[in-house]
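Q:
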Ligand code: SF4
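Numbering (the numbering used here), first residue to last: 820 to 1228.
1) Quick one: measure Cβ to Cβ for residue 902 and residue 887, integer angstroms, because I've assumed they're closer than 8 Å.
2) Using the beta-carbon of each residue, find all residues closer than 5 Å to any heavy atom of ligand 1 and list them in chain order.
3) Determine whether the beta carbon atoms of residue 1048 and residue 1009 lie at a separation below 7 Å.
4) Relative to the alpha-carbon of residue 1095, which residue among 869, 1142, 1000, 973 has its alpha-carbon at the smallest distance?
5) Starting from residue 1199, follow the beta strand (DSSP E) in both directions and report where the run begins and ends.
6) Rounded to whole angstroms, what is the Cα-Cα separation between residue 1213 and residue 1012?
7) Give the DSSP-derived three-state secondary structure of residue 885 in the structure shown.
8) Is residue 1154 helix, strand or coil by DSSP?
9) Classify residue 1136 as helix, strand or coil using the three-state DSSP reduction.
10) Relative to the C-alpha of residue 928, which candidate in 890, 1163, 907 has its C-alpha closest?
11) If we ignore side chains and look at the alpha-carbon of each, how far apart do residue 907 and residue 919 end up?
12) Spatial neighbours of residue 922 within its chain, please: CB distance less than 7 Å, with the 5 preceding and 5 following residues excluded, ordered by chain position.
13) Between which residues of its own chain and residue 1146 is the CB-CB distance below 8 Å, once the five residues before and five after are set aside?
14) Taking only three categories from DSSP, how would you classify residue 879?
15) Got a sec, what are the start and stop residues for the beta strand (DSSP E) residue 1087 sits in?
16) Out of 964, 1051, 1103, which has the shortest C-alpha to C-alpha gap to residue 1074?
17) Could you tell me which of 1082, 1080, 1071 sits nearest to residue 1089, measuring between CA atoms?
18) Quickly, what does DSSP pair residue 1117 with across the bridge? List them, please.
19) Please state whether DSSP places residue 1067 in a helix, a strand or coil.
20) Counting along the chain, where does the beta strand (DSSP E) carrying residue 968 start and finish?
21) Identify whether residue 838 lies in helix, strand or coil by the three-state DSSP scheme.
22) Is it the case that the Cβ atoms of residue 989 and residue 940 are separated by a distance below 7 Å?
23) I'd like to know if residue 1135 contacts chain B, where contact means its C-beta is closer than 7 Å to some C-beta of that chain.
24) Just grab the DSSP bridge partners of residue 1044 for me.
25) Consult DSSP for residue 925 and reduce its assignment to one of helix, strand or coil.
26) For residue 960, which residues of its own chain have a beta-carbon under 8 Å away from its beta-carbon, when the five flanking residues on both sides are left out?
27) Is it the case that the segment 969-987 contacts the segment 1036-1045, given that we only count it when at least three CB pairs across the two stretches are under 8 Å?
28) Three-state secondary structure (DSSP) at residue 908?
29) What whole-angstrom Cβ distance do residue 1038 and residue 1006 have, given they're in contact under 8 Å?
30) Can you name the residues that DSSP bridges to residue 944?
31) Count the CB pairs spanning the segment 1192-1199 and the segment 1157-1175 that are closer than 8 Å, and state whether there are at least three.
32) Does the Cβ of residue 958 have 16 or more other Cβ atoms within 10 Å, making it buried, or fewer, making it exposed?
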């Protein structure tokens, strides 16, 4: 069970949830066959979600998250419960850990309502199975619709192997994140990647979507040619074979489009990420909504991670400036690292998110659900920049899944 080097955003997220002292941390230690989470008879030992990577056979690389008790109390406890619920919201597999010898607690009943409404597979680990079973627990569990109920005894470790097996058995039900070039290239093709090395580029390395694209080109038995935008005009005409796809950094979109033939397939790393991590249709609808924004619209720009801001920062400077150049209506911009709750979102007319390369697909889809509930259109940097450069139709026409949308127009 040695964890591979897969990034956390690519791992299947397995979240353990339950009331305090249900045996979540002990069970996690049994699953890992070593101490990865602190265990104590004191209720509420786990205060913040604890994440550990694991390899689970046919399920592949996974991240197991141990959460604070859902019945935690007090001001701090309420915040911990919020964090546990947030972790559950983005889980690929939920594991409800519940003591066999106790009736369902109010927090468990409340959780069951949420779990039933949510999507994704559910397992139940019935801890303290060495004790006499409470009959009310059985009746409640049978109504939960879990894929498996695994009796476990953390003192002896009985049940840990069955839990591992039950997790692996869910491999068909957990949809893997699609590849960044999914359905876009086939073997033996050439892919040209345009990666500016400017002040915003990290020193000595490429950013995640660029690395991911190169790796996937190799996985698909294709070849990658990587150039900066300044060298593109010189190298492109030298190619004996036309690339099947050109992928550029969004900020160089116009220059790249001008330096290659009009019928060359072209898109951007951000648009590929939007398609891989989120819902490209939602982002296209979001950019269309710009035309009907009200006067004095409030726009929220969300970047999922902190990074050193340059003077010409994309999210806080370039996007608001482009918006003001292109949209003849007054608008105010706010900036955040987190997606607000549904109520707080309702004050905005539009949300623009970054490429979300640090987030899992499940997390991004959960954010999109929240935006849908709040009725707020959303787009992302890549789609916005392609639209602003007048290149959006070209940048998405290569996606086979949008063929329907194009035909309806
Ligand atoms: S998570 Fe967002 S802000 Fe952070 S590096 Fe990725 S795209 Fe940029």
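Cβ atoms here follow ideal geometry from the backbone N, Cα and C, with glycine treated the same way.
A: This is what the structure holds:
1) 7 Å
2) 1122, 1123, 1124, 1173, 1174, 1176, 1177
3) Contact check for residue 1048 against residue 1009 fails: the beta carbons are separated by 7 Å or more.
4) 1000
5) 1197-1199
6) 17 Å
7) If DSSP states are grouped into helix, strand and coil, residue 885 belongs with the strands.
8) strand
9) In the structure shown, residue 1136 adopts helical secondary structure according to DSSP, grouped into three states.
10) Just measuring C-alpha positions, the residue of 890, 1163, 907 sitting nearest residue 928 is 890.
11) 22 Å
12) 953, 955, 956
13) 1109, 1112
14) strand
15) 1085-1087
16) 1051
17) Comparing Cα positions, the closest option is 1071.
18) 1151
19) Strand, per DSSP.
20) 967-970
21) Three-state result, residue 838: coil.
22) yes
23) No chain B is part of this structure, which consists of one protein chain only.
24) Partner(s): 1011.
25) helix
26) So the list reads 917, 943, 945, 968, once near-sequence residues are dropped.
27) no
28) In the structure shown, the three-state DSSP call for residue 908 is helix.
29) At roughly 10 Å, the Cβ-Cβ gap does not stay under 8 Å, so residue 1038 and residue 1006 are not in contact.
30) 916, 969
31) yes
32) Label assigned to residue 958: exposed.
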